[in-house]
Amino acid sequence: MKTKSLMLLVCLLFFSMTSIFANVAKAEKIKVYGNCGMCKTRIEKAAKSVQGVTKATWDSEDLMLTVTYDDTKTTTLKIEEAVAKVGHDTDDAKATDKTYNELPGCCQYDRPAKK
Ligand SMILES: [Cu+2]
Numbered sequence: 001m002k003t004k005s006l007m008l009l010v011c012l013l014f015f016s017m018t019s020i021f022a023n024v025a026k027a028e029k030i031k032v033y034g035n036c037g038m039c040k041t042r043i044e045k046a047a048k049s050v051q052g053v054t055k056a057t058w059d060s061e062d063l064m065l066t067v068t069y070d071d072t073k074t075t076t077l078k079i080e081e082a083v084a085k086v087g088h089d090t091d092d093a094k095a096t097d098k099t100y101n102e103l104p105g106c107c108q109y110d111r112p113a114k115k
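Residues in the sequence shown are numbered consecutively from 1, following this note's numbering.
In C-alpha cells:
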C-alpha cells in the first residue's frame with residue numbers, strides 16, 4: 001500500500017513537471033506582402049531566423065505566412081518585425097522605404113495603403 005501511494009506521487013510529480021517544461025508550439029497565419037519565389041525564400045528565411053520559430057511557409061497566392069513557433073520564446077509581432085526588416089510589409093510591421101526600394105524589381109510588390 002505504501003509503495004503504491006509513493007508510486008502515484010512520483011507519477012503525479014513527473015506529469016506536472018513535464019507539463020511545465022513542455023514546449024508550447026503554436027501555429028499562426030500572418031499576412032505578408034510579396035510577389036514571387038524570391039520573396040518566398042526571403043520571407044521564410046527571415047521568419048526562421050527568429051528564435052523559437054520551427055516552421056515557416058509563405059504562400060504567394062494568398063500572401064499568408066504560416067509559422068509554427070514556441071510562444072514562450074517569441075511572438076507573432078517579433079516574427080513580423082523580422083520579416084519587415086528584410087523588406088516585406090505585414091499588417092503590424094512595415095518595411096522602411098529604403099529596404100523596400102532595395103528589393104529586386106520583381107519583388108517590389110504593391111504596398112498596402114498606409115493607415
Ligand atoms: Cu520577389
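Built from N, CA and C at the ideal position, the CB exists for glycine as well.
Please read all numbers here as calculations on a predicted model, not as lab measurements.
6 Å CB neighbourhood of residue i in its chain, flanking five on each side removed
i      : result
Glu-81 : Ala-93
Proximity to residue i [Cα-Cα], best of the options
i       : options                          : result
Glu-28  : Met-7, Tyr-69, Ile-43, Ser-5     : Tyr-69
Gly-34  : Pro-104, Pro-112, His-88, Lys-55 : His-88
Glu-44  : Gly-52, Val-53, Val-32, Thr-57   : Thr-57
Lys-26  : Asp-110, Met-38, Gly-52          : Gly-52
Cys-106 : Val-67, Thr-74, Lys-78, Ser-60   : Ser-60
Residue i - partner residues in DSSP beta bridges
i      : result
Thr-66 : Lys-29, Thr-57
Thr-90 : Val-32
Contact under 8 Å by Cβ, residue i with residue j
i      : j      : result
Ile-30 : Thr-72 : no
Val-32 : Leu-63 : yes
Residue interval of the alpha helix (DSSP H) (run including residue i)
i      : result
Arg-42 : 37 to 48
Leu-77 : 76 to 85
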